[in-house]
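First comes the structure, then the notes that go with it.
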Amino acid sequence: MADSKPQAYISWFCPFAQRAWLALLEKGIDFEYKEVNPYDESERVKYLKINPLGLVPAIVHQGHVVYESAICIEYIDEQWPETPVLPNDPYRRAYERIWSDHISKKIVPQYYAMLLKQSHEDRETARKALLEQLVVLTDAMDKEGPYFRGSAFGMVDMMLAPFVARFPVLKHYRGFQVPTEDRYARFNRWWAAVKERKSMEKSTPEDERLVDVYKGYAAGNPTMS
Amino acid sequence: MASDKPSLYTAWHSPFGWRAWISLLEKGVEFDYHETDPYEKSPEWFKISPRGLAPCIRHKGKSVYESTICMEYIDEAWPCTPRLLPEDPYDRAYVRMWADHVNKKIIPHIFGMIVHQTATEQEKSKQDALDGIAAYIEAMRDGGPYFLGQNFSMADIALGTFGSIFFCMEHYRGFKVPNEAKFVKFHDWIQTIVARKSWQTVLPPREQVLEDWRPYAEGVAQTELAKAAKQGKTP
Chain S
8 MADSKPQAYI SWFCPFAQRA WLALLEKGID FEYKEVNPYD ESERVKYLKI NPLGLVPAIV
68 HQGHVVYESA ICIEYIDEQW PETPVLPNDP YRRAYERIWS DHISKKIVPQ YYAMLLKQSH
128 EDRETARKAL LEQLVVLTDA MDKEGPYFRG SAFGMVDMML APFVARFPVL KHYRGFQVPT
188 EDRYARFNRW WAAVKERKSM EKSTPEDERL VDVYKGYAAG NPTMS
Chain F
381 MASDKPSLYT AWHSPFGWRA WISLLEKGVE FDYHETDPYE KSPEWFKISP RGLAPCIRHK
441 GKSVYESTIC MEYIDEAWPC TPRLLPEDPY DRAYVRMWAD HVNKKIIPHI FGMIVHQTAT
501 EQEKSKQDAL DGIAAYIEAM RDGGPYFLGQ NFSMADIALG TFGSIFFCME HYRGFKVPNE
561 AKFVKFHDWI QTIVARKSWQ TVLPPREQVL EDWRPYAEGV AQTELAKAAK QGKTP
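Here the protein sequences come in this chain order: S and F.
Residue numbers for the first sequence follow my numbering, beginning at 8 and rising by one.
Residue numbers for the second sequence follow my numbering, beginning at 381 and rising by one.
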């Protein structure tokens, strides 16, 4: 059992940091929120002393640092075992990890490609791939749902939700929307449930703020002012 | 029951595959070995491994793939000693962070130095690989001989599979982990690792390893691996 309060280093706009933030909120863990802007040089220098990789999220607890969003989620789940975000069974745990990996390797890069690529053709390629990989993921979801593995909101949901919460950025700059047709029904049902969660309301910035903060990316410049 | 015995689908020459293979051997699990060519994209193969990836473990009618996920699965499905991850949540996170470091900051450069065809690109990959290895060594805990100190773990397997064929990178690209102070621990560590029975079982003869990597080194390999490595990614 944890005997001291963890600190979570988060940037309010960062979808990777939101993943860990969701885990902390869902499990009702008492933590200290520490805002970091890794794009600000002086803040970055200070932050490197805490996390040598300089990325968010990071969890600092009992003198140790944990980084990488998926690893943060697993650490949080194992350090505070109540309200688990991963199932118990070894195969079901592997399944969550496989689909978390799919999100990071096949979905997330397309989100950034749609923003950063400057040619219409490249953005179209990314858009098609993004939609295709969302369907591959939703085909792997529990049929009933609404969440990935059924009635329990868990790790795979947390790995994807922050990026879907930023689809308004893609809509604003790229006219992107997930269609409403049958093919995307399972996705739309998943998202309708996910966005209502208290943890999502608490950790998702308003659309206007997200659109504003990502304007650099949309111009092909992966930075934030 | 027969279905409780796992099957390992892997290619003899794949260091990613050795990760799963070594894990099963270390645990003393009885398994069926199936030699696999993951580039043979047959419908049968996709039934076994839905994303077509090797290694893949079939167990109780389910498929587990991605070498790092295989290692964790093996540790959890057969929680006997040796544990591939320790008990303490922070120590577990530590092993995962450094296995992830191996996957992101070392392995792509190992492939990069072989697959890139210009000297400039090769030298950059070699330096990047050494930087990644230096960081891994610095993260090693005291008390040796393993990454965590006394205890063997998934962090050793993650790098130790590729580390055991560095002779191949030396042969084609003159890559060597130096003998200077900063890297001394690496040499002690890899010697201990490859002496383990599991490594001795999986490692193919030197000549076969060199032959297997030749098409990549000479720029004629057309596999997905070669394409991904050229982009600085590895599957």
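Heads up, the beta-carbon is just placed ideally off N, CA and C, and yes, glycines get one too.
In chain S, no part has a C-beta under 9 Å from the C-beta of ALA519 of chain F; the shortest such distance is about 10 Å. The residues GLN117, ALA120, MET121 and LYS124, in chain order, have a CB closer than 7 Å to that of ALA133 of chain S in the same chain once the five nearest residues on each side in sequence are set aside. When C-alpha distances from VAL171 of chain S are compared across S:TRP198, S:PHE160 and S:LEU93, the shortest belongs to S:TRP198. Interface annotation, TYR516 of chain F: not in contact with chain S, CB-CB separation never under 8 Å.
Its chain contains TYR16, ALA65, VAL72 and TYR74 as the residues whose beta carbon lies nearer than 7 Å to that of ASN58 of chain S, once the 5 sequence neighbours on both sides are disregarded; these appear in chain order. Counting only Cβ-Cβ distances below 8 Å, PRO469 of chain F has contacts in chain S at TYR82, GLU85 and GLN86, in chain order.
ARG399 of chain F is outside the set of residues whose beta carbon lies under 8 Å from a beta carbon in chain S. In this structure, DSSP gives ASP189 of chain S a helical state, which the three-state scheme calls helix. Under the Cβ distance rule, LYS427 of chain F does not count among the residues neighbouring chain S, no pair being separated by less than 8 Å. Note: LEU388 of chain F is bridge-paired with F:TYR413 and F:ILE437 in the DSSP secondary-structure output. At a cut-off of 8 Å, the C-beta of VAL63 of chain S has no neighbouring C-beta in chain F. Interface annotation for the segment 555-579 of chain F against chain S: empty, criterion Cβ-Cβ distance under 7 Å.
Just measuring C-alpha positions, the residue of S:TYR102, S:VAL115, S:ILE80 and S:ASP96 sitting nearest ARG472 of chain F is S:ILE80.
In this structure ALA226 of chain S is exposed. Its beta-carbon is surrounded by fewer than 16 other beta-carbon atoms within 10 angstroms. Take ILE110 of chain S, set aside five residues on each side of it, and the residues of its chain with a beta-carbon closer than 6 Å to its own are MET166 and LEU167, in chain order.
By the Cβ neighbour-count rule, CYS460 of chain F is exposed, with fewer than 16 other Cβ atoms within 10 Å of its own. Residues PRO22, TYR118, LEU217 and TYR221 of the same chain have their beta carbon placed closer than 8 Å to that of ARG173 of chain S, with the five preceding and five following residues left out of the count.
A direct Cα-to-Cα measurement between MET549 of chain F and ARG181 of chain S gives close to 44 Å.
With a threshold of 8 Å between beta carbons, ALA457 of chain F makes contact with chain S. At a C-beta separation below 8 Å, ILE449 of chain F has these neighbours in chain S: ALA101, ARG104, ILE105 and ASP108. Relative to the Cα of TRP593 of chain F, the nearest Cα in the group F:HIS567, F:ILE490, F:ARG438 and F:LYS442 belongs to F:ILE490. Sorting S:PHE20, S:ARG196 and S:PRO88 by C-alpha distance to the C-alpha of THR230 of chain S places S:PHE20 at the top.
Interface criterion met: the Cβ of ILE78 of chain S is under 8 Å from a Cβ in chain F.
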